[in-house]
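Here the structure comes first, spelled out in structure tokens, and everything after it is commentary.
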Amino acid sequence: MNTSPQRRDLLLLPGIGRFLQWRHARTSLQVVSLGLATLIILDGLFGPQIAPRNLAGTLPWVHWRGFVVLALLAFGNLFCMACPFMLPRRLSKRFGPADRSWPRALRSKWPALILLLFFFWAYEAFSLWASPWLTAWVALTYFALAFVIDGFFKGASFCKHLCPIGQFHFVNSMVSPAEVRVRDPEVCGACTTLDCIRGRYEAAPISIGDAGGTPRLATDFRPPPRDAASGRAMGREGLIQGGCELALYQPRKVGNGDCTFCLECIHACPHENVGILLRSPLEELARDEVRSGIGRLARKPDWAALATILVFGAFMNALGMVAPVLGLRDRAESLLPFLPPAAILAGLFLLGFVAVPAGLLSLTAWASSRLASGGSQRLFERVSTYVWSLVPVGFAMWTAHYLFHFLVGGLTIVPVVQEYLGNLGLPHLGDPRWGAGALVPESWLLPIEGLILQIGLLFSLVVGFRIARREEGNRKRALTAFLPWGILATLLTFTGFWLLGQPMEMRGTFR
Amino acid sequence: MRHSVRRSDLPTWAPGVIVALALAALLTGCRGEGTEDDLPHRVQVSTAPTPPIVGPVRMLVTILDEEGAAVSGAVVTVEGTMTHAGMVPVLEAAEEREDGHYLISSFEFAMGGDWILTVRAELPDGRELRRERQVRVVGDRP
């Protein structure tokens, strides 16, 4: 196998590589997604309030979610790269103060985790998928939050600490086949300007460049102005190319955690030493070195909790659509008529997102610890270490679920657009063809979903065993330490198969 | 001592935030118009079995005028749409069986869950009637 950098770097591919190297590549993608977001908001607020006939009911919940998982599978964090919320945020950076540091107490994934849980609950409690109006308001709230937060705080505080969608991508892109990283570590070793994190500042008029003051070397660029008291770099004055706003220093960056694929580091590096490199999707989750801007994942309870919520959330989200679980919810509501349905749902969510995962992970970690090392490792440390092996199973469930909707209803966008244009007095695409729907025959759906779950399980087993080898060293001990985690991954996969086999009921709208 | 807020005391971003909040307050009042007509007629929709199940269902539509008399001679269609996007709608024409009673012998509900039935009728006098009904479809395909 040829593993030369030329073969493995997407930036060196003809066509797409050239596009990605273009300085305005990200902006052009963002403009497209901002246009789509605008259509969603307009149709959601002013269009017909039947979700399947509205762009706000169709584009985000059927198409966007399908594209998201496909992009993560085939490439990486494409959504954050093309994020529509970033364009207004740039304005807020320009006109707002954007000079405050994000509060130290909130520098973790906990705020995002709470927002993520709230979103999962609101999705079910308010049937967001069935309300174009609420969907439009979710998008508007997102724009407002990104605008206000990043207008006040330095860097990409919103992306790193708050954005629930971003966290979904940060964790699940750990199994993506592409990663933004340095091409040659030795080049970074000799670098003195650190533009990839600091950004590049305009050349000083009098520099060590040539007679005209034109900089020739990386060291010719003026370093960022520094705060006299702290000595830290500050301000955007003279900045001609930003560095990483999520505090990921390229030479020490590991994997896709917290990487928005903004490509700033690629444009900032004066040595052209950062690329988008292909890799094995099994590689990142088994690594545990110190990650720039993050730390060691196995020592980060907030990251472990995030991974847990996203793994178990995949199953919880799908559970809300099958008849037996909806029947259970109905029974709970009839048994507790004095409680509002939203409160009962919150109780079920606490059970499914917190109590059950905590119980299962603790039991598995305890068994793993007892079998391998006689219980020497703390339970929490073992959970934080091994929970990453479950990410492929969780991502497989998200993929199976979202692809189901995408494959069943991918073509429904055609009549929705026809109707939208017709309502605007532009009937050039003809009358809506409401018969358009599936992208593949119905009989293909279950085999496709089953295959995805099986691949997810296989990945989880391989990652789990690699983590165990890393932790235990000895092959035999590694096998015993891995065994309970392998069983848990298998149980989750079987839960996924059971879910796929259940009669689906898309409801929750009428009460 | 009298304190007043001078314009220069306000942060530069404050006007933008105020405009945005005002815009948001206005937008909360916006919502797409309902699609039902304002005719005085009443429309009754019944299914057999009741509640409807996944699969073929008999559906009877009755149109009554403002005096409660059945309206015959209308052209009636029913469109079923799930509340979740991505499902193909079901569109069926009804046949008039007796005065004012229109029958669809097989209306195929493709999935369990919440459906919106949109009844459209072209009345004999040319007026168009459009009503929506919510139904919950239960059970699996037999």
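In order, the protein sequence lines correspond to chains A and B. Residue numbering for the first sequence follows this note's numbering, starting at 1 and increasing by one per position. Residue numbering for the second sequence follows this note's numbering, starting at 1001 and increasing by one per position. All C-beta atoms in this analysis are idealised placements derived from N, C-alpha and C, irrespective of residue type, glycine included. Quick caveat: nothing in here was measured; it's all calculated off a predicted structure.
When the Cα atoms are used, A/L34 and A/E472 turn out to be separated by approximately 48 Å.
For B/I1116, the C-beta contacts it makes with chain A under 7 Å involve I50, in order along the chain. With a threshold of 16 other beta carbon atoms within 10 Å, B/Q1134 falls short and is exposed. For the pair A/L424 and A/L45, the Cα-to-Cα distance works out to about 14 Å. A/K93 is classed as buried because its beta carbon has at least 16 other beta carbons within 10 Å across all chains shown. Looking at the backbone, the Cα of A/S389 and that of A/Q49 are separated by about 42 Å. Residue burial annotation: A/P132 is buried, with at least 16 other C-beta atoms found within 10 angstroms of its C-beta.
Rounded to the nearest angstrom, the gap between the Cα atoms of A/L319 and A/F406 is 18 Å. B/A1069 and B/R1042 have their alpha carbons spaced roughly 10 Å apart. Under DSSP, A/A178 shares a beta bridge with A/L278.
In this structure, the straight-line span from the alpha carbon of A/A130 to that of A/G450 is close to 27 Å. Secondary structure at B/H1101: strand, using DSSP grouped into helix, strand and coil. Between A/G243 and A/D184 the beta-carbon gap is near 19 Å, outside 8 Å, which marks them as no contact. Within the same chain, A37, I40 and I41 come within 7 Å of A/A139 by CB-CB distance, once the 5 residues on both sides are set aside. Its chain contains V182, Q250, P251 and N273 as the residues whose beta carbon lies nearer than 7 Å to that of A/C188, once the 5 sequence neighbours on both sides are disregarded; these appear in chain order. When DSSP assignments are scanned along the stretch 4–90 of chain A, the uninterrupted stretches of alpha helix (DSSP H) that are 4 or more residues long and fall wholly within it turn out to be 5–8, 16–21, 25–46, 55–58, 65–74 and 78–81. Three or more Cβ pairs drawn from the stretch 17–29 of chain A and the stretch 75–85 of chain A lie within less than 8 Å of each other, which places the two stretches in contact. Contact with chain A is found for B/M1111, since one of that chain's Cβ atoms lies less than 7 Å from the residue's Cβ. Around the beta carbon of A/T412, 16 or more other beta carbons sit within 10 angstroms, so the residue counts as buried.
Taking the beta carbon of B/V1088 as reference, the chain A residues within 8 Å of it are G409, T412, W434, G435, A436, G437 and A438, listed in sequence order. The contact set of A/T58 on chain B, defined by CB atoms closer than 9 Å, consists of A1085 and G1086 in chain order. Listed as beta-bridge partners of A/S443 by DSSP are no residues whatsoever.
Beta-bridge partners assigned by DSSP to A/Q241: A/R200. In this structure, DSSP gives A/Q502 a state outside helix and strand, which the three-state scheme calls coil.
For B/F1107, the pairing in a beta bridge is given by DSSP as B/V1057. A/A130 belongs to the set of residues whose beta carbon lies under 7 Å from a beta carbon in chain B.
Inclusion of A/H169 and A/N77 in the CB contact set at 7 Å is warranted, their separation being smaller than that value.
Among the residues of the stretch 1044–1073 of chain B, none has a Cβ less than 7 Å away from any Cβ of chain A. The C-beta distance from B/A1074 to B/P1124 rounds to 6 Å, short enough to fall under 8 Å. With fewer than 16 other beta carbons inside 10 angstroms of its own, A/T192 counts as exposed.
A residue is called buried once 16 or more other Cβ atoms fall within 10 Å of its Cβ, and B/V1019, having fewer, is exposed.
When DSSP reads this structure, B/R1133 sits in a beta bridge with B/L1117. Taking 7 Å as the threshold, the shortest C-beta distance from A/V69 to chain B does not fall below it. Taking each of A/G15, A/L429, A/F349 and A/N54 in turn and checking the Cα distance to A/A122, the smallest one comes out for A/F349.
The stretch 1115–1130 of chain B makes contact with the stretch 1074–1085 of chain B; the number of CB pairs closer than 8 Å reaches 3 or more.
Per DSSP, the unbroken alpha helix (DSSP H) holding A/V187 starts and ends at P185 to G189.
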